[in-house]
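> Below are the structure tokens for one structure; questions will follow.
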Ligand code: PHE
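Numbering (my numbering), first residue to last: 102 to 471.
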């Protein structure tokens, strides 16, 4: 009969002597594997008499359990030692240069929008916003568009299918509806959640946002960005408008010598209305703002039409105001020398990494191209 205590002593010695995981595994297989020494003993139990089995069974099973536990313990110790050795041997060289990573950047349109907001914020304007999906009232009617105005035609404006009430919503064609949303003091139609009830004058807001028209060529895209401005107060006149815009242009183009020209124009929501041009020089294929004898059209503006004030619940005999609207993408092209407006929306990574801005730069107009 096998001497169990001798076998156990041998096994313990072999387990303790196993110097690595594979040596330990060999010990385990030799004892507990299918044909191992302990497994062979377990197999003899079947042939024993019940009395003998009663005595030997617990002894052999106990041996198997203790051997299993010893192996597990040794395994854990060997693994811990292997990890310690690996940690001691491996080193990370933190001085190696990191592999180049693709960096995200700020889109030039957003950069320019931030620059514009920063300049107007310093002049005391706050930011107002409105929905891209507008209704006829805010986009046209309240802005004094006559019922048959061409902008209301299908070929200029993206209309949605009529809703259950027959009303056709549309993608706003300009940011001017936010003038209405800002001023509106009546509750019909209900004020939008983002503007609680409308604002008492004085009002000084700018409205950066997306706008949509059915247009596509080198200088037009179906979606583009505008910044709208609105000032409503007592005694506001065109001199204030002119000063505000000239101050803005000088800061935006980083020049002291801005020359502007106001050309009479027509917008249904302003009277008088004007387009503002900025003096520039195009000689040598490069555009320089603030010098030369050429003119560059920059924006539309005017004094808010009394009908608009009335539609928004503001008394035109008490308050006057001016408004302006300009294309952000166009100003971005002019300032940073991008030749085709459509590139701004093509989503080409190479173009974006060339013209994009660092996300950590201050939206300060003086920071220029990064
Ligand atoms: N909404 C006009 C446009 O999109 C611009 C504008 C705004 C003109 C405010 C006058 C006053 O062309």
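A virtual CB, placed ideally from N, CA and C, is assigned to each residue, including glycine.
In this text the structure is predicted, and so the values were computed from the model without any measurement.
Closest by CA to residue 400, which one among 110, 267, 123 and 329?
In the chain shown, the residue the question calls residue 400 occupies position 299. Measuring from the Cα of residue 400, the nearest candidate turns out to be 329.
> If the criterion is Cβ atoms closer than 8 Å, does the pair residue 270 and residue 230 meet it?
Residue numbering aside, residue 270 sits at position 169 when the chain shown is read from its first letter. Residue numbering aside, residue 230 sits at position 129 when the chain shown is read from its first letter. It is not a contact, given that the beta carbons lie outside the stated cut-off.
> Cα separation between residue 161 and residue 181?
Taking the first residue of the chain shown as position 1, residue 161 is located at position 60. Taking the first residue of the chain shown as position 1, residue 181 is located at position 80. Near 30 Å, if we compare the C-alpha coordinates of residue 181 and residue 161.
> Taking the beta carbon of residue 404 as the centre, do at least 16 other beta carbons fall within 10 Å, making it buried, or is it exposed?
Locating residue 404 in the chain shown gives position 303, counting from the first residue. Buried, since its Cβ has 16 or more Cβ neighbours within 10 Å.
> Unbroken alpha helix (DSSP H) runs of length 4 or more, entirely within the region 337-382: which are they?
Qualifying alpha helix (DSSP H) stretches, in chain order: 339-353.
> Would you check if the distance between the CB atom of residue 128 and the CB atom of residue 107 is smaller than 8 Å?
Here residue 128 corresponds to residue number 27 of the chain shown, with the count starting at 1. Here residue 107 corresponds to residue number 6 of the chain shown, with the count starting at 1. It is not a contact, given that the beta carbons lie outside the stated cut-off.
> Going straight from the alpha carbon of residue 327 to that of residue 275, what length do you get?
Sequence index remark: in the chain shown, residue 327 carries index 226 (1-based). Sequence index remark: in the chain shown, residue 275 carries index 174 (1-based). Whole-angstrom Cα-Cα distance: 7 Å.
> Determine the closest residue to residue 388 out of 417, 437, 370 and 346, with distance taken between C-alpha atoms.
Residue 388 sits at position 287 when you count from the first residue of the chain shown. If we check each option's Cα against that of residue 388, 437 comes out closest.
> Relative to the C-alpha of residue 253, which candidate in 385, 366, 237 and 268 has its C-alpha closest?
For this step, residue 253 is matched to residue 152 along the chain shown. The shortest C-alpha separation from residue 253 is found at 237.
> Please report the straight-line C-alpha distance between residue 354 and residue 440, rounded to a whole angstrom.
Walking along the chain shown from the start, residue 354 turns up at place 253. Walking along the chain shown from the start, residue 440 turns up at place 339. So the alpha carbons of these two residues sit roughly 17 Å apart.
> Should residue 314 be flagged as near chain B, meaning a C-beta pair shorter than 8 Å?
Among the chains in the structure shown there is no chain B, since it carries only a single protein chain.
> Please return the same chain residues whose Cβ sits closer than 7 Å to the Cβ of residue 411, not counting the five positions on each side in sequence.
Start at 1 with the first residue of the chain shown, and residue 411 comes out as number 310. Once the five neighbours on either side are set aside, the close Cβ partners of residue 411 are 417.
> May I ask you to list the residues that DSSP assigns as paired with residue 409?
Sequence index remark: in the chain shown, residue 409 carries index 308 (1-based). Answer is none; residue 409 lacks a bridge partner.
> Along the chain, which unbroken stretches of the beta strand (DSSP E) at least 3 residues long are found entirely within the region 190-224?
Whole beta strand (DSSP E) segments, 3+ residues: zero.
> Considering only their Cβ atoms, is the gap separating residue 244 from residue 379 smaller than 8 Å?
Taking the first residue of the chain shown as position 1, residue 379 is located at position 278. Taking the first residue of the chain shown as position 1, residue 244 is located at position 143. No. Outside cutoff.
> Indicate whether the contact test is met: 3 or more Cβ pairs, each with one atom in the region 388-398 and one in the region 369-379, closer than 8 Å.
A contact exists between the region 388-398 and the region 369-379.
> What is the C-beta distance between residue 419 and residue 315, in whole angstroms, given that I count them as a contact (C-beta under 8 Å)?
Within the chain shown, numbered from 1, the residue matching residue 419 stands at position 318. Within the chain shown, numbered from 1, the residue matching residue 315 stands at position 214. Not really, about 39 Å apart at Cβ, beyond 8 Å.
> Candidates 423, 321 and 263: which alpha carbon is nearest residue 303's?
By 1-based counting over the chain shown, the position of residue 303 is 202. Comparing Cα-Cα distances from residue 303 to each of 423, 321 and 263, the minimum goes to 423.
> State yes or no: is the C-beta of residue 111 within less than 8 Å of the C-beta of residue 179?
As a first step, residue 111 must be located in the chain shown, where it is residue number 10. As a first step, residue 179 must be located in the chain shown, where it is residue number 78. Not closer than 8 Å, so no.
> Between residue 213 and residue 191, what straight-line distance do the alpha-carbon atoms span, to the nearest angstrom?
Taking the chain shown and counting its residues from 1, the one referred to as residue 213 is at position 112. Taking the chain shown and counting its residues from 1, the one referred to as residue 191 is at position 90. Residue 213 and residue 191: Cα-Cα distance of roughly 49 Å.
> Below 7 Å, is the gap between the Cβ of residue 425 and the nearest heavy atom of the ligand PHE?
Reading the chain shown from its first residue, position 324 is the one you call residue 425. Yes; taking the cut-off as 7 Å, the Cβ of residue 425 has a heavy atom of the ligand PHE nearer than that.
> With distances taken from CA atoms, which of 123, 458 and 406 is nearest residue 280?
For this step, residue 280 is matched to residue 179 along the chain shown. Per the Cα distances, 406.
> What does DSSP give as the partner residue(s) for residue 312 in the beta ladder?
In the chain shown, counting from the first residue as 1, residue 312 sits at position 211. The partner list for residue 312 (beta bridge, DSSP) reads 325.
> In whole angstroms, what separates the C-alpha of residue 233 from that of residue 184?
Position 132 of the chain shown holds residue 233. Position 83 of the chain shown holds residue 184. C-alpha separation (whole angstroms): 59 Å.
> Between residue 347 and the rest of its own chain, which residues show a CB-CB distance below 8 Å, the 5 nearest in sequence each way excluded?
Locating residue 347 in the chain shown gives position 246, where the first residue counts as 1. The residues are 359 and 361.
> Measure the CB-CB distance between residue 333 and residue 221 and report whether it falls below 8 Å.
Reading the chain shown from its first residue, position 232 is the one you call residue 333. Reading the chain shown from its first residue, position 120 is the one you call residue 221. Taking 8 Å as the Cβ cut-off, residue 333 and residue 221 do not qualify as a contacting pair.
> So, with DSSP's three-state summary, where would you put residue 439?
For the purposes of this step, residue 439 is identified with residue 338 of the chain shown, where counting begins at 1. Looking at residue 439 - three-state DSSP - the assignment turns out to be coil, as it is neither helix nor strand.
> Which two residues bound the contiguous alpha helix (DSSP H) that contains residue 414?
Taking the first residue of the chain shown as 1, we reach residue 414 at position 313. Careful: residue 414 lies outside any alpha helix (DSSP H) and carries neither H nor E.
> Per DSSP, what are the beta-bridge partners of residue 421 in this structure?
Translated into positions along the chain shown, residue 421 becomes position 320. Per DSSP, 334.
> Does at least one heavy atom of the ligand PHE sit under 7 Å from the Cβ of residue 325?
The residue given as residue 325 occupies position 224 in the chain shown. Checking every heavy atom of the ligand PHE against the Cβ of residue 325, none is found closer than 7 Å.
> Would you identify the three-state DSSP class for residue 126, choosing helix, strand or coil?
Translated into the one-based positions of the chain shown, residue 126 becomes position 25. Note: residue 126 maps to helix in three-state DSSP.
> Count the other CB atoms, across all protein chains shown, that sit within 10 Å of the CB of residue 266; report buried if there are 16 or more and exposed otherwise.
Within the chain shown, residue 266 is the residue found at index 165, counting from 1. Result: exposed.
> Rounded C-beta distance between residue 140 and residue 133? I'm assuming under 8 Å.
Working through the chain shown from its first residue, we reach residue 140 at position 39. Working through the chain shown from its first residue, we reach residue 133 at position 32. Contact holds; Cβ gap of about 6 Å.
> Report the partner residues of residue 318 according to the DSSP bridge assignment.
Residue mapping note: residue 318 aligns to position 217 of the chain shown, counting from 1. Answer by DSSP bridge pairing, in chain order: 321.
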